[in-house]
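When we follow this note's numbering, the leftmost residue of the sequence shown carries the number 21, and every step to the right adds one.
Note that CB positions come from ideal geometry on N, CA and C, so glycine has one too.
These notes concern the structure reproduced below.
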Amino acid sequence: MTLRRLRPFYAPSYTTYPPSTMHPKNALNNRNYPLYARLAAKAVQVILGVAVIGLVLGPMKGNSFHDFVIRTNTEWQGLVLGISVSFSFFSLVLGITSCFASNLHIWKKVDGLLTAAGCFFWLLAGFVEAYYAACYPPNGPRINLVCHRAEWIIACILAFINFCVFVADFVLSWMNGVSML
21 MTLRRLRPFY
31 APSYTTYPPS
41 TMHPKNALNN
51 RNYPLYARLA
61 AKAVQVILGV
71 AVIGLVLGPM
81 KGNSFHDFVI
91 RTNTEWQGLV
101 LGISVSFSFF
111 SLVLGITSCF
121 ASNLHIWKKV
131 DGLLTAAGCF
141 FWLLAGFVEA
151 YYAACYPPNG
161 PRINLVCHRA
171 EWIIACILAF
181 INFCVFVADF
191 VLSWMNGVSM
201 L
């Protein structure tokens, strides 16, 4: 019986693993989402969100939101307002902090997650606003006060444009290497 000496660890062969892959160099990342583009996207998101808020609240004309909602049966406009206020605030905070923390991995991850959530919620807000802009079919013709309001039609269009801006922001973050896991 012959005793053979085994190596204590696996030593790779240089024929199958060339040194260039064993010791990778830091390569320049060409997929970069520049700060000015990120700030521009956040500014557009805030401006469109504030415009939607103003257009949704426009038909009230001196009434309180509660009185207007009770009189016109437009309860779900509160959802559109909540989404608009929330994600405009998130975009404002992320836009301000991007100047200071955009190189941090956790900031990029939070930005990506909030942008992904914004995509979903702005799409939902666009559909709800389209329902009211179309004179909400079952009850609309009975209440002539809010039927086919130009403000709500424009708010619907702006909500869908803001959805597209959020999708573009999310895609650029994703292409920059932000993982959602």
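Where does the unbroken alpha helix (DSSP H) through residue i begin, and where does it stop?
i	result
Trp-96	Neither: Trp-96 is in no alpha helix (DSSP H) and is coded neither H nor E.
Val-76	55–77
Tyr-151	125–153
Cys-167	Neither: Cys-167 is in no alpha helix (DSSP H) and is coded neither H nor E.
Val-89	85–92
If we ignore side chains and look at the alpha-carbon of each, how far apart do residue i and residue j end up?
i	j	result
Val-89	Gln-97	8 Å
Gln-65	Val-185	7 Å
Asn-83	Ile-116	34 Å
Val-72	Leu-101	8 Å
Lys-81	Thr-92	13 Å
Tyr-156	Phe-141	20 Å
Ser-207	Ile-177	With the chain represented from 21 up to 201, any question about residue 207 goes unanswered, as that position is not in the structure.
Asn-49	Lys-62	Unreliable placement is indicated for Asn-49, whose pLDDT of 49 sits below 50; the coordinate value is still reported in the next sentence. Cα to Cα, Asn-49 sits roughly 23 Å from Lys-62.
Cys-167	Asp-87	17 Å
For the candidate residues the options, whose alpha-carbon lies nearest to that of residue i?
i	options	result
Phe-147	Leu-134, Asp-131, Leu-99	Leu-99
Gly-138	Leu-77, Thr-94, Leu-124, Ser-111	Ser-111
Ile-174	Trp-194, Leu-192, Tyr-151, Asn-196	Tyr-151
Val-130	Ala-145, Cys-119, Leu-114, Leu-143	Leu-114
Phe-120	Ile-181, Leu-55, Gly-74, Val-105	Leu-55
Ala-145	Ser-106, Leu-124, Arg-169	Ser-106
Asn-182	Ala-60, Asn-52, Tyr-53	Ala-60
Leu-75	Glu-149, Ala-154, Gly-132, Gly-197	Glu-149
Please confirm whether residue i has its beta-carbon closer than 9 Å to some beta-carbon of chain B.
i	result
Phe-110	Of the protein chains in this structure there is only one, and it is not chain B.
Just to confirm, does residue i get its C-beta within under 8 Å of one of the non-hydrogen atoms of the ligand GTP?
i	result
Leu-144	In the structure shown, the ligand GTP is absent, as is every other ligand, since no ligand is present at all.
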